[in-house]
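Counting in this note's numbering, the sequence shown tops out at residue 275, every number present. See structure below.
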Amino acid sequence: MPFAEDLDPPRTSMGRGFDVLSTLAALSADDPDGVSVRDVALALERERSQVSRTLSALADRDLVVRGEDHRYRLAWSWYATAQDLTDRRLRTAGLQVLDELAETVGEACFLGVLQGDSTLTIVESIPRESGMIGSWVGRAYPAFCSDAGRAVLWDASDEEVRAVFARTAFTSPGPNAPASAEDFLDRLREARTLGYALVDQEAEPGLYSVSAPVWDFRDEVAAGVQIVGERSTLQPRTAQLAEACVAAAEALSAALGAPDGRRRDRAAH
Numbered sequence: 007m008p009f010a011e012d013l014d015p016p017r018t019s020m021g022r023g024f025d026v027l028s029t030l031a032a033l034s035a036d037d038p039d040g041v042s043v044r045d046v047a048l049a050l051e052r053e054r055s056q057v058s059r060t061l062s063a064l065a066d067r068d069l070v071v072r073g074e075d076h077r078y079r080l081a082w083s084w085y086a087t088a089q090d091l092t093d094r095r096l097r098t099a100g101l102q103v104l105d106e107l108a109e110t111v112g113e114a115c116f117l118g119v120l121q122g123d124s125t126l127t128i129v130e131s132i133p134r135e136s137g138m139i140g141s142w143v144g145r146a147y148p149a150f151c152s153d154a155g156r157a158v159l160w161d162a163s164d165e166e167v168r169a170v171f172a173r174t175a176f177t178s179p180g181p182n183a184p185a186s187a188e189d190f191l192d193r194l195r196e197a198r199t200l201g202y203a204l205v206d207q208e209a210e211p212g213l214y215s216v217s218a219p220v221w222d223f224r225d226e227v228a229a230g231v232q233i234v235g236e237r238s239t240l241q242p243r244t245a246q247l248a249e250a251c252v253a254a255a256e257a258l259s260a261a262l263g264a265p266d267g268r269r270r271d272r273a274a275h
């Protein structure tokens with residue numbers, strides 16, 4: 007039986023290289039320990055010796071790494087570049103998404119990331135009618151009671167959450183703040199069931215927020231979108247705000263190259 011390469015139009019060496027790289031990346035998602043030449047050849051339906059030569063050439067250029075087990079992996083430089091692009095995209099696409107969200111709901115909207123046991127605001131959009139004064143960009147807040155805390159830890163395992171809060175002092179001005187890591191985990195599980203997180207007077211009295219996770223190209227949570235304001239104003243609109251917040255998080259996830267589907271109900275076990 008002829009191989010697919012015998013039937014297709016001739017490919018340039020660059021084209022073959024991209025084919026092999028993209029196939030290696032796809033296969034690596036399911037096998038982080040590395041991929042064999044045979045695996046790549048079968049996936050491409052191409053002759054093994056040709057794929058082997060292409061992988062060797064890519065390794066010579068430090069684009070892939072060949073282990074002692076003769077299995078290939080993408081070079082770390084790809085991941086570093088992808089992460090840098092993700093960080094930049096979070097800020098550029100994030101601002102556009104937040105501006106649209108803030109215009110829709112008329113409330114202050116933020117994008118936060120996890121930093122140690124805190125959440126750090128990296129983008130914000132605060133409409134004049136929200137009444138919120140000052141900027142939160144660059145400011146950190148304890149993740150256990152912050153508006154984005156549960157969103158940014160959405161895909162974390164129980165063990166990872168406990169590790170994040172291993173040295174956290176669970177003290178907050180908010181009357182409803184979690185009292186421990188286990189308390190936080192209970193609320194995180196409830197949020198996953200809903201598909202969004204509600205933070206009701208946990209950071210401070212009278213403050214209310216809705217948040218949702220943002221996924222990246224690795225299908226991991228990269229940030230959390232938040233709508234924040236006075237409890238008396240936001241709580242009666244919870245359903246509407248939650249729908250808008252989740253839609254905004256989905257839009258930003260798509261901009262970061264997150265896989266389709268599974269983002270709303272993904273939970274770590």
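Every residue gets a Cβ at the ideal spot worked out from N, C-alpha and C, and that includes glycine. Being a predicted model, the structure only gives us computed values, none of them experimental.
| Query | Result |
| --- | --- |
| Which two residues bound the contiguous beta strand (DSSP E) that contains PHE190? | That residue, PHE190, is in no beta strand (DSSP E); its alpha helix (DSSP H) goes 187 to 200. |
| Going by DSSP, which residues form a beta bridge with TRP221? | VAL227 |
| Taking only the alpha-carbon atoms, compute the straight-line gap between LEU191 and LEU61 and give it to the nearest angstrom. | 45 Å |
| Starting from ASP206, trace the alpha helix (DSSP H) in both directions and tell me its first and last residue. | Unbroken run through ASP206 is the beta strand (DSSP E), 203 to 206; no alpha helix (DSSP H). |
| Is the stretch 113 to 129 close to the stretch 148 to 162, with three or more CB pairs under 8 Å? | yes |
| Indicate whether GLY118 and ILE128 have their beta-carbon atoms separated by less than 8 Å. | yes |
| For the structure I just gave you, are there three or more beta carbon pairs, one from the stretch 61 to 74 and one from the stretch 221 to 237, closer than 8 Å? | no |
| Tell whether a beta-carbon distance below 8 Å holds between ALA254 and VAL231. | yes |
| Confirm, please, whether the CB-CB distance from TYR214 to ARG198 is below 8 Å. | no |
| State buried or exposed for TRP82, treating a residue as buried only when at least 16 other CB atoms are found within 10 Å of its CB. | exposed |
| For LEU69, tell me which candidate among SER28, TYR147, ILE139 and VAL103 has the shortest Cα-Cα distance. | SER28 |
| What does the Cβ neighbour count give for GLN207, buried or exposed, with the cut at 16 atoms within 10 Å? | buried |
| Exposed or buried, which one is ARG145 when buried takes at least 16 other CB atoms within 10 Å? | exposed |
| Would ALA250 and THR110 be called neighbours here (beta carbons separated by less than 8 Å)? | yes |
| Could you tell me whether the Cβ atoms of VAL220 and LEU258 are closer together than 8 Å? | yes |
| Could you check what DSSP says for GLU106 in three-state terms: helix, strand or coil? | helix |
| Cα-Cα, which of ASP161, ARG168 and PRO181 is closest to GLY212? | PRO181 |
| Can you tell me which of GLU196, PHE176, VAL170 and SER163 puts its alpha carbon nearest to the alpha carbon of VAL151? | Here residue 151 turns out to be Cys, not Val, going by the sequence shown. The shortest C-alpha separation from CYS151 is found at PHE176. |
| Less than 8 Å between the beta carbons of ARG77 and ASP105, yes or no? | no |
| CA-CA distance, ALA65 and GLY23? | 11 Å |
| Tell me whether PRO148 is buried or exposed, calling it buried when 16 or more other Cβ atoms sit within 10 Å of its Cβ. | buried |
| Would you identify the three-state DSSP class for CYS151, choosing helix, strand or coil? | coil |
| Please report the straight-line C-alpha distance between ARG168 and LEU159, rounded to a whole angstrom. | 11 Å |
| Ignore the nearest five residues each way along the sequence and tell me which others in GLN241's own chain have a CB closer than 8 Å to its CB. | ASP206 and TYR214 |
| Going by C-alpha distance, which of LEU120, ASP25 and ARG79 is nearest SER34? | ARG79 |
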